[in-house]
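Peer 1:
2 protein chains.
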Amino acid sequence: MAASLRELLRAPTGPVSLTDLDPRGKPHAPGDKDATRAAMVADGEQLATLQERLYAEGFRGGRRRVLLVLQGMDTSGKGGVIRHVVGAVNPQGVSIAGFKKPTEAELRHHFLWRVRRQVPEPGMLGVFDRSHYEDVLIGRVRALAAPEVIEKRYAEINRFEQQQTDAGVTIVKCFLHISHWEQKERLLARLDDHAKQWKFEPGDIDERALWPEYQRAYETAVERTNTDVAPWYVIPSDRKWYRNWAIGRILRETLEDLDPRLPEPTYDVEEQRLRLLDEGNSH
Amino acid sequence: MAASLRELLRAPTGPVSLTDLDPRGKPHAPGDKDATRAAMVADGEQLATLQERLYAEGFRGGRRRVLLVLQGMDTSGKGGVIRHVVGAVNPQGVSIAGFKKPTEAELRHHFLWRVRRQVPEPGMLGVFDRSHYEDVLIGRVRALAAPEVIEKRYAEINRFEQQQTDAGVTIVKCFLHISHWEQKERLLARLDDHAKQWKFEPGDIDERALWPEYQRAYETAVERTNTDVAPWYVIPSDRKWYRNWAIGRILRETLEDLDPRLPEPTYDVEEQRLRLLDEGNSH
Numbered sequence: 001m002a003a004s005l006r007e008l009l010r011a012p013t014g015p016v017s018l019t020d021l022d023p024r025g026k027p028h029a030p031g032d033k034d035a036t037r038a039a040m041v042a043d044g045e046q047l048a049t050l051q052e053r054l055y056a057e058g059f060r061g062g063r064r065r066v067l068l069v070l071q072g073m074d075t076s077g078k079g080g081v082i083r084h085v086v087g088a089v090n091p092q093g094v095s096i097a098g099f100k101k102p103t104e105a106e107l108r109h110h111f112l113w114r115v116r117r118q119v120p121e122p123g124m125l126g127v128f129d130r131s132h133y134e135d136v137l138i139g140r141v142r143a144l145a146a147p148e149v150i151e152k153r154y155a156e157i158n159r160f161e162q163q164q165t166d167a168g169v170t171i172v173k174c175f176l177h178i179s180h181w182e183q184k185e186r187l188l189a190r191l192d193d194h195a196k197q198w199k200f201e202p203g204d205i206d207e208r209a210l211w212p213e214y215q216r217a218y219e220t221a222v223e224r225t226n227t228d229v230a231p232w233y234v235i236p237s238d239r240k241w242y243r244n245w246a247i248g249r250i251l252r253e254t255l256e257d258l259d260p261r262l263p264e265p266t267y268d269v270e271e272q273r274l275r276l277l278d279e280g281n282s283h
Numbered sequence: 001m002a003a004s005l006r007e008l009l010r011a012p013t014g015p016v017s018l019t020d021l022d023p024r025g026k027p028h029a030p031g032d033k034d035a036t037r038a039a040m041v042a043d044g045e046q047l048a049t050l051q052e053r054l055y056a057e058g059f060r061g062g063r064r065r066v067l068l069v070l071q072g073m074d075t076s077g078k079g080g081v082i083r084h085v086v087g088a089v090n091p092q093g094v095s096i097a098g099f100k101k102p103t104e105a106e107l108r109h110h111f112l113w114r115v116r117r118q119v120p121e122p123g124m125l126g127v128f129d130r131s132h133y134e135d136v137l138i139g140r141v142r143a144l145a146a147p148e149v150i151e152k153r154y155a156e157i158n159r160f161e162q163q164q165t166d167a168g169v170t171i172v173k174c175f176l177h178i179s180h181w182e183q184k185e186r187l188l189a190r191l192d193d194h195a196k197q198w199k200f201e202p203g204d205i206d207e208r209a210l211w212p213e214y215q216r217a218y219e220t221a222v223e224r225t226n227t228d229v230a231p232w233y234v235i236p237s238d239r240k241w242y243r244n245w246a247i248g249r250i251l252r253e254t255l256e257d258l259d260p261r262l263p264e265p266t267y268d269v270e271e272q273r274l275r276l277l278d279e280g281n282s283h
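These protein sequence lines are chains U and C, in that order. Under UniProt numbering, the first residue of the first sequence carries the number 1, and numbering increases by one thereafter. Under UniProt numbering, the first residue of the second sequence carries the number 1, and numbering increases by one thereafter.
#1: Give me whichever residues DSSP pairs with Arg65/C in a beta bridge.
#2: Going along the chain, which residues of its own chain have a beta-carbon closer than 6 Å to the beta-carbon of Gln215/U, five neighbours each way excluded?
#3: Is the beta carbon of Arg140/U less than 8 Å from the beta carbon of Gly98/U?
#4: Please report the straight-line C-alpha distance between Phe111/U and Leu144/U, rounded to a whole angstrom.
#5: Note down, one range per segment and in chain order, each alpha helix (DSSP H) of at least 4 residues found wholly within the segment 76-119 of chain U.
#6: Helix, strand or coil for Val222/U per DSSP?
#7: With a threshold of 8 Å on Cβ separation, who are the neighbours of Phe200/U within its own chain once the five nearest residues in sequence on each side are excluded?
#8: Val16/U by DSSP, collapsed to three states: which one?
#9: With a threshold of 8 Å between beta-carbons, can Gln51/U be considered close to chain C, or not?
#10: Find out if the Cβ-Cβ distance for the pair Gly44/C, Gly123/C is shorter than 8 Å.
#11: Measuring only the C-alpha atoms, how far is Leu54/U from Lys78/C?
#12: At a CB-CB cut-off below 9 Å, which residues of chain C make contact with Ala56/U?
#13: Of all the options Trp113/U, Ile205/U and Leu125/U, which has the alpha carbon lying nearest to the alpha carbon of Leu70/U?
#14: Does any residue of chain C bring its CB to less than 8 Å from the CB of Arg60/U?
#15: As a quick exercise: from Thr266/C, Ser237/C, Leu176/C and Gly203/C, pick the residue whose alpha carbon is nearest that of Gln272/U.
#16: Considering Pro236/U, what are the terminal residues of the alpha helix (DSSP H) in which it resides?
#17: Mark His283/U as exposed unless 16 or more other C-beta atoms lie within 10 angstroms of its C-beta, in which case mark it buried.
#18: Mind pulling the chain C residues with CB within less than 7 Å of Pro202/U?
#19: Grab me the residues of Pro263/C's own chain with a C-beta within less than 7 Å of its C-beta, minus the 5 sequence neighbours each way, in chain order.
#20: Is it true that the CB of Val127/C sits closer than 8 Å to the CB of Ile82/C?
#21: My understanding is that Trp245/U touches Thr75/U, with C-beta atoms under 8 Å, so please give their C-beta distance in whole angstroms.
#22: Residues of the segment 114-144 of chain C with a CB closer than 9 Å to any CB of chain U: list them in chain order, please.
#23: Going by CA-CA distance only, name the one from Arg10/C, Arg114/C and Arg153/C that's closest to Val229/C.
#24: On the CB-based measure, 16 or more other CB atoms within 10 Å of its CB, does Ala209/C come out buried or exposed?
#25: So that I know if they touch, is there some Cβ in chain C lying closer than 8 Å to that of Leu188/U?
#26: Going residue by residue through the segment 242-278 of chain C, where are the continuous alpha helix (DSSP H) segments of at least 4 residues, counting only ones entirely within it?
#27: Please classify Thr13/U: is it buried, with 16 or more other beta-carbons within 10 angstroms of its beta-carbon, or exposed?
#28: Just mark Ala3/C as buried or exposed, buried being the case when its beta carbon has 16 or more other beta carbons within 10 Å.
#29: Counting C-beta neighbours from all protein chains within 10 Å, is the total for His194/C 16 or more, i.e. buried, or is it exposed?
#30: If you count every other CB in all the chains shown that lies within 10 Å of the CB of Arg249/C, and 16 or more means buried, which is it?
#31: If Pro15/C sits next to Glu223/C, beta carbons under 8 Å apart, how far is it from one beta carbon to the other, in whole angstroms?
#32: Below 8 Å CB to CB, which residues in the same chain sit around Asp20/U once its five sequence neighbours on both sides are set aside?
#33: Considering Leu125/C, what are the terminal residues of the beta strand (DSSP E) in which it resides?
#34: Identify every residue that forms a DSSP beta bridge with Arg10/U.
#35: Have a look at Gly93/C, Glu219/C and Gly80/C and flag the residue whose alpha-carbon is nearest the alpha-carbon of Leu47/C.
#36: Does Ile250/U come within less than 8 Å of chain C when only Cβ atoms are used?
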């Protein structure tokens, strides 16, 4: 394949119309469901190797790290991506932050306050399960702040993301794009399975009733924050296997670009080997 | 097998002599290396299922959580346990905290200050990669605090662990017991492999020279903090496959004892299903 998956799934610059982007698509999928899953496992191993190098770099003073931002409507599969894609990486190198409804304490701060505290440390693959974008999504749809306050946030987000990039963070933002119909199927599946019923809340259906408003809020957010330093990818997510493969591949491409290298030893290897070999076996 | 692995590997009450505990042992191993690894995979799947239930419980207001404390000499395999055992669990339900040399800021606080901040949230499987025990291990061997200060810490640790237990934390403390000889082999292996050289520091050999002092410090720590609420397990760790299986099995037994249950829905399932089915397909 000629183009990278990142080029292919990068959100359009300029006006964004989500209805023009097919949530059931599978561009560049390496094959059917089984073949794609197999490719995802192979990508996962490569990702684990690359992340280990990034971790080593961070351990020895490097500043680079990756932040995967996951956004999407309820049931779009943020949790599934964490389990199946991020789960392929050594958990020691992963830090996951979930952003639920802000607490009273968090609400007394600027909306980016709680986000800054969760930016991954050097060497880590950080994941945001929801993020600062909630403050221009539900924040906008539910009018949780004055319109002019929300309006200002897009620029604040771009500034924040630029700062993080300057500090060594590579930001990858994925919108998990599902159809209105698919969400209904998945909510019904949650209701039908006791093992999933705990994930459901009646309020999920109230949010679903605002689907068009949320889609518009996503379009606006993507339009206004789809920068080159922190690009948005729109991931067709009606097919879970495609969604997982695509995000794994985008992460792999991102890490390959970073090309982290194992640090060279700052000590004399032979000298240290002799120190070990020469010690008495007295204990 | 009659006894649980927890009973079998529980550190002795009363005086502890690590030289009497075989680091190459493999008590209750389900078979040879391959069979034991296969058993570990099966335990890992069970562990993932149980942890998901614990997570669900925490998501719906439960307070319970598990904290795995990993301690052991350099190269004893703390990182390997995280990768191979903890890696079997959905990363969304895992929180890992590493305790390195304290920073200047941390040193201005009580030694438990930085530890309290990392206690896992309800529903989580927390892992401490090193822990507050460093303050009675390297703290003691390197005399990083006055003897009477260190002496007081054992009781402070027991009190802290009791508090956490009261708050819903089940604490599992594992000492990864390796032989002096095995450590040498592993340090040499690090020096021989470019992919591992970054993990080595010349100071590791200086610490190794204090092996008997560290073993005594471990014996004292285990003797004085091996409480029923926060028991110590001594894990024979010269064989990596045994070590991984044993800790996975101990975690599995611990979660099975907790017996986390999927929360019952607090809504009327049928009513919500009808709400979904009755909505117009207008979007």
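Beta carbons are placed, not taken as given, at the ideal position from N, Cα and C, and that holds for glycine.
Peer 2: So, from the data block:
#1: In the DSSP output, where bridge partners are listed per residue, Arg65/C has Val169/C.
#2: Taking C-beta separations shorter than 6 Å and ignoring five residues to either side along the sequence, the partners of Gln215/U in its chain run Leu18, following chain order.
#3: Between Arg140/U and Gly98/U, the CB-CB gap reaches or exceeds 8 Å.
#4: Distance between the alpha carbons of Phe111/U and Leu144/U: 12 Å.
#5: Segments of the alpha helix (DSSP H) lying fully in the segment 76-119 of chain U: 78-84, 104-107 and 113-116.
#6: Assigned with DSSP and collapsed to three states, Val222/U falls in helix.
#7: Excluding residues within five positions, the ones whose Cβ falls inside 8 Å are Leu187, Arg190 and Leu191.
#8: Secondary structure at Val16/U: coil, using DSSP grouped into helix, strand and coil.
#9: It does not; no Cβ of chain C falls within 8 Å.
#10: No. Outside cutoff.
#11: Between Leu54/U and Lys78/C, the C-alpha separation is close to 19 Å.
#12: Ordered by position in chain C, the residues that pass the 9 Å Cβ test against Ala56/U are Ala195, Trp198 and Lys199.
#13: Among Trp113/U, Ile205/U and Leu125/U, the Cα nearest to that of Leu70/U is on Leu125/U.
#14: Output row for Arg60/U: interface = yes.
#15: Check the Cα spacing between Gln272/U and each of Thr266/C, Ser237/C, Leu176/C and Gly203/C: the tightest is with Gly203/C.
#16: DSSP places Pro236/U outside any alpha helix (DSSP H); the residue lies instead in the beta strand (DSSP E), whose first and last residues are Trp232 to Pro236.
#17: Interpretation of His283/U is limited by its pLDDT of 44, a score under 50 that renders its predicted location unreliable; the figure taken from the coordinates is listed afterwards. Around the beta carbon of His283/U, fewer than 16 other beta carbons lie within 10 angstroms, which makes this residue exposed.
#18: Here the neighbours are Tyr267 and Gln272.
#19: Excluding positions up to five away in sequence, the list reads Ala56, Glu57 and Arg60.
#20: In this structure, Ile82/C places its C-beta atom within 8 Å of the C-beta atom of Val127/C.
#21: That pair is no contact at about 19 Å.
#22: Across the segment 114-144 of chain C, CB contacts with chain U closer than 9 Å involve Val127 and Asp129, in sequence order along the chain.
#23: Comparing C-alpha distances from Val229/C to each of Arg10/C, Arg114/C and Arg153/C shows the shortest one belongs to Arg10/C.
#24: Ala209/C should be labelled exposed.
#25: At a cut-off of 8 Å between C-beta atoms, Leu188/U counts as an interface residue with respect to chain C.
#26: Scanning the segment 242-278 of chain C for uninterrupted alpha helix (DSSP H) segments of 4 residues or longer gives 269-278, listed from N- to C-terminal end.
#27: So Thr13/U counts as exposed.
#28: For Ala3/C, the number of other beta carbons within 10 angstroms of its own is below 16, and it is reported as exposed.
#29: Here His194/C is exposed, its C-beta having fewer than 16 other C-beta atoms within 10 Å.
#30: Using a 10 angstroms sphere on the CB of Arg249/C, the tally of other CB atoms reaches 16 or more, which defines it as buried.
#31: With a beta-carbon spacing of about 6 Å, Pro15/C and Glu223/C fall inside the 8 Å limit used to define contacts.
#32: Taken in chain order, the list of residues that qualify is empty.
#33: Counting along the chain, the beta strand (DSSP E) containing Leu125/C begins and ends at Leu125 to Asp129.
#34: Arg10/U is bridged to Tyr233/U.
#35: The shortest C-alpha separation from Leu47/C is found at Gly93/C.
#36: The beta carbon of Ile250/U does not come within 8 Å of any beta carbon belonging to chain C, so the residue lies off that interface.
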